[in-house]
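Residue numbers (this note's numbering), protein chains in the order written: chain E, 296 to 640; chain F, 5 to 359.
Glycine residues also receive a C-beta, built at the ideal position from the N, C-alpha and C atoms.
All values reported here derive from a predicted model rather than from experimental measurement.
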Amino acid sequence: MTNLVVPQQAAAATRTRPPGEPLLKVEGLVKHFPVRSGLFGAKQHVRAVDGIDFTVDPGETLGVVGESGCGKTTTGRMLVRLLEPTSGKITFEGRDITHMNRSSLRPLRQDMQIIFQDPYSSLNPRHTVGRIVAMPLSVNGIEPAGGVKKRVQELLEIVGLNPEHYNRYPHEFSGGQRQRIGVARALALKPKMIVADEPVSALDVSIQAQVINLLRDLQREFNLAFVFIAHDLAVVRHFCERIAVMYLGKIVEVGSRQQIYEQPSHPYTKALLSAVPDVTKLGASLGRIRLEGDVPTPINPPSGCRFRTRCWKAQDLCAQVEPPLDPKPNGSIAACHFPEVGPLR
Amino acid sequence: MTTPQTAHGGAYLQVRDLRVQFSTEDGVVRAVDGVSFSVDRGQTLGIVGESGSGKSVSSLAVLGLHDPKKSRISGEILVNGRNVVGLDDNELRKLRGRDVAMIFQDPLSSLHPYYTIGKQIVAAYRIHHPNASKSLARKHAIDMLGRVGIPQPAKRIDGYPHEFSGGMRQRAMIAMALVNDPDLLIADEPTTALDVTVQAQILDLIEDLQRDFNAAVILITHDLGVVSQIADDVLVMYAGRVAEYGSAEQVLRQAQHPYTWGLLASVPSLHGDADEDLKPIKGNPPSLINVPPGCAFHPRCRYAMLNGGPCDIEVPQLLPLLATHEPGHTVACHLPERQRKSIYEQDIAAVGVAI
Ligand SMILES: Nc1ncnc2c1ncn2[C@@H]1O[C@H](COP(=O)(O)OP(=O)(O)OP(=O)(O)O)[C@@H](O)[C@H]1O
Ligand SMILES: Nc1ncnc2c1ncn2[C@@H]1O[C@H](COP(=O)(O)OP(=O)(O)O)[C@@H](O)[C@H]1O
Ligand code: SF4
Ligand code: SF4
Ligand SMILES: [Mg+2]
Ligand SMILES: [Mg+2]
């Protein structure tokens, strides 16, 4: 696959990255949002992300899955520094970028881009497509060889849009096409990594498949690393080699596609997979796991294992001791005192 | 397994050649263009299709919820044998809630934020039971909240909608929809806004309640997985028309329409080879002001017979399959049946969820 890498990107990657180091390293990352309950209520904290660790290698696709509110978006926004972490450390290409200031961040902004969920609100309706896609170039004062317009038209072509639509406005495009505009903008600076937050969730299935295929092609062609955030487990399985499962601000399991989808170790992962309605399950109703209740509030998460209030395997130990995230017999890394053993079903 | 064809006779709901048009500044929107289907008590019909295909408009017509000044409706909607197209407001009000009830994607659209959950369920009950005492209605509401799985219903009944989680609100809305024991329940994307684990709870609940109440259920969704989990029959809509209609097994396991194939091949699965590329449908769904001539799907269809072929000229009829012995399976496509079968086996059966 290395022969497909854009030459200057490959060169840059080998130049700045110490050998064997991951592209991105996240350690003990925390984000707490202060909230007040009522006008004179006590100050409390939403523990949106509460101490997570992971790495991403160059060209690797890491999926982040979990239910609404578990901290996926907050994590993604901290990675690209749209949100200031409360604590923890983010290392990109060996450099600590956790608290870097604006000007030192510039080169980072080129290497790491974000694609948002909502193809409607993430594009300025008053700007032409040409201007939107060129934005990262102009903001960073980059004049590509051949000119901005040529580069933008190249990018539109790459994402499957008509380069002649350079002067059109976002409202003239469908949802799938708008998401392609967002992808073109993200590619403008030839990033090494893209954080994609629910990039296909707002799209109809047929359009969703078009965008997934596009992202996969680009990933392979440019050897892009991805942090791919989504709640749809089937979409993530299709796109990602490695998957992190989040619950209430914590990573509860990380593993390869095979480990997570064929032999999960964490009961929560197993329950999530079991809950997905899948056409291939038509007629087979055996062995379904049904979790009770909803996810508890991240203001006051349960003691010990945060999943214990919904876990069918919970014992006293689970309320007393927080399970460490460590290797399990099934192969993945998981945080559970009584992990699942053996293949799913 | 019941099949739509054989069930037509005495089905609780029978929709025949329904057309709904809206006149707008830009032109006439043909939102529903000749749709027929039926659902009997104890049966669930899944209606699938992409956004804008006419799913919601069809079901709102069953409840008589379109403004007669802005819409034109033709065809027949027989609820327990009685045609409800053209009924006056008064008659429609009697029908809604008592005979036919609806639940929506967003519970807040049917729950008022300023009133307690209990007050709203009591009010819904007393519309159709004007002589019931307040305390009796309240007791009934508590029972219903318990039935839909709300813990401590006698206490939670006095809570406001914003004090409920998304899943709980959806349960409360279901309780309100079922409080008058309707014979037909229409659920429009009831789980789309919910997480998978809560979605699974709500789908189980709808199935359980359907069994208990022996209601007919229409479930509208864009998610083929959801349909496969609870539908007996499946109707696939495209551009306001029916592309394919049959039992869940027929439509999802032996699909015969290129659009259904496109949907099946577009959805990634939890099983099978994840490295295999999805096969998306090219292009976008059409505007219903300007529906393509002939088969509305022809600009996106990989198998379209154009240049003198029938696909861009003649609207295909929804016809039963002849060669296979599959009663109740109907498809609107000009491709010869044999060819469809072989395309399905060669191109489709191995991709996406169509395994
Ligand atoms: N600015 C904020 N102030 C207070 N709480 C916040 C803020 N942003 C996020 N939160 C809370 O932090 C938690 C995690 O939020 P986040 O948006 O990361 O979830 P998510 O996994 O992306 O969920 P979804 O799938 O719904 O987008 C939630 O409980 C959310 O309500
Ligand atoms: N009140 C209305 N006036 C004009 N057009 C409408 C109205 N309601 C729906 N439509 C149009 O009818 C088509 C079908 O809508 P709908 O049934 O809501 O689609 P969906 O399948 O997503 O539920 C769409 O093109 C929509 O824009
Ligand atoms: S630690 Fe205990 S409560 Fe947590 S997932 Fe494992 S078994 Fe369940
Ligand atoms: S009628 Fe023609 S265009 Fe329409 S689905 Fe069949 S083959 Fe395709
Ligand atoms: Mg999010
Ligand atoms: Mg709708």
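Contact with chain E by residue i, beta-carbon distance below 9 Å
i, result
"M241(F)", "no"
"Q233(F)", "yes"
"L213(F)", "no"
"M172(F)", "yes"
"D192(F)", "no"
"A252(F)", "yes"
"V271(F)", "yes"
"S169(F)", "yes"
"H333(F)", "no"
"G38(F)", "no"
"N294(F)", "no"
Beta carbon proximity, residue i to chain F, threshold 9 Å
i, result
"F633(E)", "no"
"G471(E)", "yes"
"V636(E)", "no"
"K576(E)", "yes"
"L299(E)", "Residue placement at L299(E) is poorly supported in this model, since its pLDDT is 36, which falls under 50; the coordinates still yield a value, given next. Cβ-Cβ to chain F under 9 Å: no for L299(E)."
"H526(E)", "yes"
"V590(E)", "yes"
"Q505(E)", "yes"
"A479(E)", "no"
"R511(E)", "yes"
Residues bridged to residue i (per DSSP)
i, result
"G626(E)", "For G626(E), which the question treats as bridged, DSSP gives no partner whatsoever."
"Y242(F)", "R245(F)"
"P324(F)", "T334(F)"
"T386(E)", "K320(E), D391(E)"
"Y542(E)", "K545(E)"
"I409(E)", "V490(E)"
"S270(F)", "Paired residue(s): none; S270(F) is not in a bridge."
"G312(F)", "None, per the DSSP bridge assignment."
"M106(F)", "I190(F)"
"Q25(F)", "R34(F), R76(F)"
Counted within 10 angstroms of its Cβ, other Cβ atoms place residue i as buried (16 or more) or exposed
i, result
"L310(F)", "exposed"
"A440(E)", "exposed"
"P486(E)", "buried"
"S291(F)", "exposed"
"W607(E)", "exposed"
"L577(E)", "buried"
"Q615(E)", "exposed"
"L223(F)", "buried"
"V341(E)", "buried"
"S27(F)", "exposed"
"E459(E)", "exposed"
"H166(F)", "exposed"
"Q350(F)", "exposed"
"K159(F)", "exposed"
"Q343(F)", "exposed"
"D44(F)", "buried"
"E193(F)", "buried"
Closer than 8 Å at the beta carbon, the chain F residues around residue i
i, result
"R537(E)", "Those do not exist, as R537(E) stays about 12 Å from chain F at its closest Cβ, beyond 8 Å."
"L568(E)", "L274"
"A642(E)", "Outside the displayed span of chain E (296 to 640) sits residue 642(E), for which this structure offers no information."
Proximal chain F residues relative to residue i, where beta-carbon distance stays under 9 Å
i, result
"N508(E)", "D281, L282, K283, P284"
"E362(E)", "D199, V200, T201, V202"
"R585(E)", "T201, A204, Q205, D208"
"Y415(E)", "Correct list: empty, because the minimum Cβ distance to chain F is about 13 Å."
"Y556(E)", "L274, H275, A278"
Near ligand 7: residue i beta-carbon under 8 Å from a heavy atom
i, result
"L256(F)", "What this structure holds is ligand 1, ligand 2, ligand 3, ligand 4, ligand 5 and ligand 6, not ligand 7."
Contacts that residue i makes with chain E (C-beta to C-beta distance below 7 Å)
i, result
"A278(F)", "R532, H533, R552"
"G266(F)", "S501"
Proximal chain E residues relative to residue i, where beta-carbon distance stays under 9 Å
i, result
"D227(F)", "V500, P572"
"E54(F)", "D499, V500, S501, I502"
"V230(F)", "P572"
"G150(F)", "None at all; the shortest Cβ gap to chain E is about 15 Å."
"N84(F)", "Ordered by position in chain E, no residue passes the 9 Å Cβ test against N84(F), which lies about 31 Å from the chain."
(message) Beta-carbon distances below 7 Å to any heavy atom of ligand 6 define the shell here; list its residues in chain order, please.
(response) S55(F), K59(F), S60(F), D192(F), E193(F), I224(F)
(request) Anything with a beta carbon under 5 Å from a heavy atom of ligand 4 counts; list them all in chain order. (result) P262(F), C299(F), F301(F), H302(F), C305(F), Y307(F), A308(F), C315(F), P320(F), C337(F), H338(F), L339(F)
(request) Pull every residue with its beta-carbon under 5 Å away from any heavy atom of ligand 3, and keep them in chain order. (result) P562(E), C600(E), F602(E), R603(E), C606(E), K608(E), A609(E), C613(E), P618(E), C631(E), H632(E), F633(E)
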